[in-house]
Amino acid sequence: MGKVRPDFIKRIARELVEKEPHLYTVNFEENKQILNQITDIKTKRLRNRIAGYITKLIKQDQAEA
3 MGKVRPDFIK RIARELVEKE PHLYTVNFEE NKQILNQITD IKTKRLRNRI
53 AGYITKLIKQ DQAEA
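Take the sequence shown: its letter number 55 is residue 57 in this note's numbering, and every next letter is one higher.
Given below as structure tokens:
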């Protein structure tokens with residue numbers, strides 16, 4: 003069983019997607035690069051966790067549509 007994501011990661015990811023949903027894709031690597039450009043996240047682990055959750059949100063959104 004996997005780890006549970008903390009609320010602060012989910013909140014940050016949702017806020018970023020709400021601000022600019024057109025930037026993000028279902029590709030994790032692209033989302034990491036986008037986060038590097040538009041945020042000042044200090045740690046690689048935090049950036050990756052946020053990018054992973056953003057990827058999940060985008061995939062869910064596309065599945066609903």
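Glycine included, C-beta positions come from ideal geometry on N, C-alpha and C.
- prompt: Out of curiosity, what's the CA-to-CA distance linking glutamate 17 and proline 23?
  reply: 10 angstroms
- prompt: Skipping 5 residues on each side, what residues in its chain have a beta carbon closer than 7 angstroms to that of alanine 15?
  reply: Ile52, Tyr55, Ile56, Leu59
Helix, strand or coil at glycine 4 according to DSSP, with G and I counted as helix: coil
- request: Can you say whether asparagine 38 is buried or exposed, counting buried as having 16 or more other CB atoms within 10 angstroms of its CB?
  value: exposed
- prompt: Would asparagine 33 be called buried (16 or more neighbouring beta carbons within 10 Å of its own) or exposed?
  reply: buried
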